[in-house]
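Throughout the sequence shown, residue numbering follows our numbering, covering 50 to 141 in sequence. By construction, the Cβ of each residue, glycine as well, lies at the ideal position given by its N, Cα and C atoms.
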Amino acid sequence: MRSGLFRRVQNQLDEAHKVVMGKQEWSPTQARVFATMLNKVVPDLTAAFVQHEHNIQDAPEKMSRAQLEAIASGVGSIIDAEVQDIVQEEDE
Numbered sequence: 050m051r052s053g054l055f056r057r058v059q060n061q062l063d064e065a066h067k068v069v070m071g072k073q074e075w076s077p078t079q080a081r082v083f084a085t086m087l088n089k090v091v092p093d094l095t096a097a098f099v100q101h102e103h104n105i106q107d108a109p110e111k112m113s114r115a116q117l118e119a120i121a122s123g124v125g126s127i128i129d130a131e132v133q134d135i136v137q138e139e140d141e
């Protein structure tokens, strides 16, 4: 489905450029529909930003065996999950 949206948006890029350059006009509804489709194909990158912080103060090579074992023992608290393959059908 996403690839179908991509093709539709790709086909409208030249027309959208003409609108931006003032050579063509779109109604507000047409502009909103194009923006919505574009956001489905190319999501806002700021919304996808994820920050990950490490809490380890020392390099693992400098940590004691007890510290390493304490970190490793936390692995058991991870929730077990079943892996599922999700197949998406393309919209032709």
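Whole angstroms is fine: what's the gap from LYS89's alpha carbon to GLN59's? Stepping through the sequence shown from its first residue, residue 89 is reached at position 40. Stepping through the sequence shown from its first residue, residue 59 is reached at position 10. Distance between the alpha carbons of LYS89 and GLN59 is about 12 Å.
For ALA65, which residues from the same chain have a beta carbon less than 7 Å from its beta carbon, with the 5 sequence-adjacent residues on both sides left out? On the sequence shown, position 16 is the one that residue 65 refers to. For ALA65, where only same-chain residues beyond five positions count, the Cβ hits under 7 Å are PHE83.
Query raised in the report: Terminal residues of the continuous alpha helix (DSSP H) containing GLN116?
Result: As a working note, residue 116 is residue 67 in the sequence shown. GLN116: member of the alpha helix (DSSP H) spanning 114-122, first to last residue.
Cα separation between VAL69 and ILE135? Residue mapping note: residue 69 aligns to position 20 of the sequence shown, counting from 1. Residue mapping note: residue 135 aligns to position 86 of the sequence shown, counting from 1. Using only the alpha carbons, I get a separation of about 38 Å.
My output table needs one value for LYS72: the three-state DSSP class, helix, strand or coil. Walking along the sequence shown from the start, residue 72 turns up at place 23. The answer is coil: DSSP assigns LYS72 none of H, G, I, E or B.
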